[in-house]
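These notes are about the structure you will find just below.
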Amino acid sequence: MDQLTKEAIRYLGYGRNAVDEQTLALIADAFDILQSVAGRKSIYRIFCLEHMDGDKIRFGNLEVESKSLAKNMKGCDRIVIFGATLGIGVDQIIRRTSLTDMAKAVVLQACAAAFLEKYCDECQEQIARELREEGRYLRPRFSPGYGDFSIEYQGSITRMLDCAKTIGLTITDSSMMTPTKSVTAVIGASTSKENCHRQGCEACAKKDCIYRRDTL
Ligand code: SF4
2 MDQLTKEAIR YLGYGRNAVD EQTLALIADA FDILQSVAGR KSIYRIFCLE
52 HMDGDKIRFG NLEVESKSLA KNMKGCDRIV IFGATLGIGV DQIIRRTSLT
102 DMAKAVVLQA CAAAFLEKYC DECQEQIARE LREEGRYLRP RFSPGYGDFS
152 IEYQGSITRM LDCAKTIGLT ITDSSMMTPT KSVTAVIGAS TSKENCHRQG
202 CEACAKKDCI YRRDTL
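Mapping of the sequence shown onto the working numbering: residues 2 to 217, in sequence order.
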């Protein structure tokens with residue numbers, strides 16, 4: 002079973018329970034559909050990162066106060082701001098499918114979430130290669146809404162990346178993303194190598210890492 006299928010099963014909430022053949026067939030079918038309708042787009046910009054007093058950091062013209070983000074960014078002197086989307090076609094197919102086949106729509110939702118994460122991982126690997134040339138290493142992605150990093154920063158990130166024009170991603174007044182299968186995030190870059198786990202601190206074995214994001 003490939004990693005993408007495993008992730009979709011996890012999003013479907015199966016845990017360690019066995020997945021029946023019918024669900025596996027639905028998952029395979031959903032990935033085929035996503036492959037043909039997803040309009041994957043991403044954008045990023047790299048800024049110098051300034052650490053200020055307390056739990057504040059500054060990059061570009063943005064100041065963020067967040068204990069969990071400041072901790073994750075400790076030791077970083079650059080910050081990547083990142084946006085990615087699977088495009089509106091994915092929302093449309095999920096909506097259409099939900100009118101006629103709810104089970105299939107639920108599987109499509111889970112597969113789209115896994116598909117988006119994989120796409121973000123691929124983008125991040127590309128960014129990591131670029132930064133490695135200047136001797137920097139990436140920390141895991143950190144999205145608004147994580148810990149005490151307010152969801153409202155989605156708006157600032159999308160403005161800094163001009164996401165509406167560049168990748169067709171907009172944020173509503175209630176901080177919802179359109180298309181819904183989209184991500185905004187920041188990624189710290191440091192000259193010290195931490196061998197950060199792509200799936201983030203929760204999946205990382207370095208329990209004693211001082212940058213770990215699971216404890217405030
Ligand atoms: S716990 Fe692991 S993934 Fe998280 S910052 Fe430390 S090394 Fe990176």
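The beta-carbon is built from N, C-alpha and C at its ideal position, and this holds for glycine as well.
Since the model is a prediction, treat every value here as computed from it, not as a measurement.
The Cβ atoms of leucine 117 and lysine 57 do not sit closer than 8 Å to each other. The ligand SF4 has a heavy atom closer than 7 Å to the beta-carbon of tyrosine 212. Considering only Glu195, Thr179, Leu50, the residue with the shortest C-alpha distance to glycine 84 is Thr179.
Its chain contains Gly76, Tyr138 as the residues whose beta carbon lies nearer than 8 Å to that of serine 193, once the 5 sequence neighbours on both sides are disregarded; these appear in chain order.
Per the Cβ contact rule, the region 30-45 is in contact with the region 83-101 (3 or more Cβ pairs under 8 Å). According to the DSSP assignment, serine 43 belongs to the beta strand (DSSP E) that extends over 42-49.
By a beta-carbon distance limit of 8 Å, arginine 140 contacts tyrosine 212. Their separation comes to about 7 Å. Note on geometry: alpha-carbon atoms of glutamate 135 and glutamine 125 lie some 16 Å from one another.
Phenylalanine 60 and lysine 72 have their C-alpha atoms some 15 Å from each other. For threonine 192, no beta strand (DSSP E) encloses it, and the DSSP letter there is neither H nor E. By the neighbour-count definition (other C-beta atoms within 10 Å, threshold 16), glutamine 200 is an exposed residue.
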